[in-house]
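Going by my numbering, the final residue of the sequence shown carries number 350, and the count climbs one at a time with no gaps.
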Amino acid sequence: MKKMKFALTVIVLVFLVLQYSFIAQAQNISKNQTNKNTKKENNMKTTDKFEFQALPYAYDALEPFIDKLTLEIHYGKHHKAYYENFLAAIKGTEMESMDIMYIFRNISKYPVAVRNNGGGYYNHTFYWEGMKASGGDLPTGKLSDAITKSFTSFDEFKKQFSDAGKTRFGSGWAWLSLDDKGKLFISSTPNQDNPLMDLTEKKGTPLLVMDVWEHAYYLKYQNKRPDYIEAFWNVVNWEEVAQRYEKALSQVSK
Ligand code: MN
Numbered sequence: 097m098k099k100m101k102f103a104l105t106v107i108v109l110v111f112l113v114l115q116y117s118f119i120a121q122a123q124n125i126s127k128n129q130t131n132k133n134t135k136k137e138n139n140m141k142t143t144d145k146f147e148f149q150a151l152p153y154a155y156d157a158l159e160p161f162i163d164k165l166t167l168e169i170h171y172g173k174h175h176k177a178y179y180e181n182f183l184a185a186i187k188g189t190e191m192e193s194m195d196i197m198y199i200f201r202n203i204s205k206y207p208v209a210v211r212n213n214g215g216g217y218y219n220h221t222f223y224w225e226g227m228k229a230s231g232g233d234l235p236t237g238k239l240s241d242a243i244t245k246s247f248t249s250f251d252e253f254k255k256q257f258s259d260a261g262k263t264r265f266g267s268g269w270a271w272l273s274l275d276d277k278g279k280l281f282i283s284s285t286p287n288q289d290n291p292l293m294d295l296t297e298k299k300g301t302p303l304l305v306m307d308v309w310e311h312a313y314y315l316k317y318q319n320k321r322p323d324y325i326e327a328f329w330n331v332v333n334w335e336e337v338a339q340r341y342e343k344a345l346s347q348v349s350k
């Protein structure tokens, strides 16, 4: 009888210990979950406005036209540095709560660090999103018609855009943009300037951009910028460019 009592006590004790550890574990899980959620919310508060967007494809996705190592360094080092320096340049100023489009429209009023790093941050995101793996088909629909109308043919457009990149002395960008009358135009900007900036000669809404800084091509193409430019046409994301065009056009006609 004593033995039975003892065994029963052990069973009850084991049951209680198991139950306690189960409850403790469950509480821990829910505590971790809360921590995670709070962390996520905090992160969102600090980065939802000026976010360092993920590259929309893998580093090797644009091979062989743009190589993996170039993309790793270009995105992970150059672009990241512009982003971080932009955040540092606007920290504690009114710009922290502004839209980047507004900052660009008034860029001449702000320090040159904002112009260079804000441009570097924005232009690169725009450049990544304008490319894709196995891109390079011809533009279709409204965009195709507009390109033919503005430049007489797609080949002529390609030539003019390529020339804008080839003839940019030093570092900069080649752009296809829409002006405020709804007309397409090609331009090039030095350094990290873009057509959204008030001090840019030819202003408009960007549709397609090509980075012609040496860091965009030097590892694979060295001094042969024209070869990189020729390769660029194989990775243009024309669907994205067409969407940008329709959006820009709808805002012009408003
Ligand atoms: Mn670049």
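Don't be surprised by glycine CBs; every beta carbon is placed ideally from N, CA and C.
Check M293 in the structure and name its three-state DSSP category. Under the three-state reduction of DSSP output, M293 falls in the coil class, being neither helix nor strand.
Which residues in the same chain as V348 place their Cβ atom closer than 6 Å to its Cβ, once the five residues preceding and following it in sequence are excluded? Once the five neighbours on either side are set aside, the close Cβ partners of V348 are G278.
S258 versus W271: straight-line alpha-carbon distance, rounded: Going from the Cα of S258 to the Cα of W271 covers about 10 Å.
Quick one: Cα of S204 to Cα of S249, how far? If you take the alpha carbons of S204 and S249, they lie about 36 Å apart.
Only counting runs of 3 or more residues, tell me where the beta strand (DSSP E) segments fall wholly within the segment 249-311, in order along the chain. Scanning the segment 249-311 from its first residue to its last, the whole beta strand (DSSP E) runs of 3-plus residues come out as 268-274, 280-286, 301-307.
Roughly how many angstroms lie between the CA atoms of L303 and V337, to the nearest whole one? Going by the C-alpha atoms only, they are around 6 Å apart.
Please list, in chain order, all residues with a C-beta atom less than 6 Å from at least one heavy atom of the ligand MN. Listed by position along the chain, the residues with Cβ atoms less than 6 Å from a non-hydrogen atom of the ligand MN are H170, H174, H220, D307, W309, H311, A312.
Quick one: complete alpha helix (DSSP H) runs, 4+ long, within the segment 147-222? Within the segment 147-222, the complete alpha helix (DSSP H) segments of 4 residues or longer fall at 164-169, 176-186, 196-201, listed in chain order.
With distances taken Cα to Cα, identify the nearest neighbour of S240 among S346, K343, W334, L345. Residue W334 is the option with its Cα nearest to S240.
Quick check on F265: buried or exposed, where buried means 16 or more other Cβ atoms within 10 Å of its Cβ? So F265 counts as exposed.
Where the alpha helix (DSSP H) containing Q339 begins and where it ends: Membership of Q339 in the alpha helix (DSSP H) is indicated by the continuous run 334-348.
Rounded to whole angstroms, how far is the Cβ of P291 from the Cβ of S267, which I believe are closer than 8 Å? Going by Cβ atoms, the distance from P291 to S267 rounds to 17 Å, so no, they are not a contact pair.
Please report the distance separating the alpha-carbon of Y324 from that of I199. Y324 and I199 have their C-alpha atoms spaced approximately 32 Å apart.
Chain-order list of residues whose beta-carbon lies under 7 Å from that of K316 (same chain, five-residue window excluded): The residues are D163, T166.
Over the uninterrupted alpha helix (DSSP H) stretch that includes A327, give me the two end residues. Here the alpha helix (DSSP H) through A327 covers 321-328.
For a quick check, are the C-beta atoms of V210 and W269 less than 8 Å apart? Pairing V210 with W269 gives a Cβ-Cβ distance that is not under 8 Å.
Should S346 be labelled buried (16 or more other beta-carbon atoms within 10 Å of its own) or exposed? That one is exposed.
Going straight from the alpha carbon of N213 to that of S230, what length do you get? N213 and S230: Cα-Cα distance of roughly 30 Å.
Nearest-angstrom beta carbon gap, F281 and G261 [assumed within contact, 8 Å]: Rounded, the Cβ-Cβ distance is 15 Å, inconsistent with contact.
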